[in-house]
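Heads up: the structure comes next, in structure tokens.
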Amino acid sequence: VQLQASGGGLVQVGGSLRLSCAVSGNTSSITDMAWYRQAPGKPRDLVAGISSGGSTNYAVAVKSRFTISRDNAKNTVYLQMNSLKPEDTAVYYCNARWVDPPISYDYWGQGTLVTVSS
Numbered sequence: 001v002q003l004q005a006s007g008g009g010l011v012q013v014g015g016s017l018r019l020s021c022a023v024s025g026n027t028s029s030i031t032d033m034a035w036y037r038q039a040p041g042k043p044r045d046l047v048a049g050i051s052s053g054g055s056t057n058y059a060v061a062v063k064s065r066f067t068i069s070r071d072n073a074k075n076t077v078y079l080q081m082n083s084l085k086p087e088d089t090a091v092y093y094c095n096a097r098w099v100d101p102p103i104s105y106d107y108w109g110q111g112t113l114v115t116v117s118s
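Just so you know, the numbering used here puts 21 at position 21 of the sequence shown, and the rest follows in order with no gaps.
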């Protein structure tokens, strides 16, 4: 399984970006997908997650500003980010959980940098 993230870049405060993460390989056992982010000197934190059935959850800091979605036919997960703030600056990583009971494994994309300038 390989994850390819894209869509990061430099944006001004209040702007928007849309991240994409395409999953390839043995995708039939992919269940939950998520976006995490890591700012310099800080741990990697969950931003948003989405189950195979479409249930979503968000970090408090991004709720109402970010929207996670997935296109199962395209094996792609998206993160629409609106009203961006300087504190959203981080490397964003997509995550996919592969499950074949009793085995589960988390796959990670390479990360895409989002920089929000004030």
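We treat Cβ as the ideally placed atom computed from N, Cα and C, and that holds for glycine.
- Counting along the chain, the unbroken beta strand (DSSP E) around A90 starts and ends at A90 to D100.
- Taking 8 Å as the cut-off, the beta carbon of F66 is found no closer than this to the beta carbon of Y78.
- According to the DSSP assignment, T27 belongs to no beta strand (DSSP E), since it is labelled neither H nor E.
- For S64, there is no enclosing beta strand (DSSP E), as DSSP marks it with neither H nor E.
- Shown here for Q2: same chain residues with a beta carbon closer than 6 Å to its own, the five before and five after excluded, namely S24 and G25 in chain order.
- Contact check for L84 against S28 fails: the beta carbons are separated by 8 Å or more.
- Burial state of T112 is buried, judged by a 10 Å Cβ sphere holding 16 or more other Cβ atoms.
- Residue burial annotation: I103 is exposed, with fewer than 16 other C-beta atoms found within 10 angstroms of its C-beta.
- The C-beta separation of T89 from V116 comes to about 5 Å, placing the pair in contact by the 8 Å criterion.
- Separation of A48 and Y93 (C-alpha to C-alpha, rounded to the nearest whole angstrom) is 11 Å.
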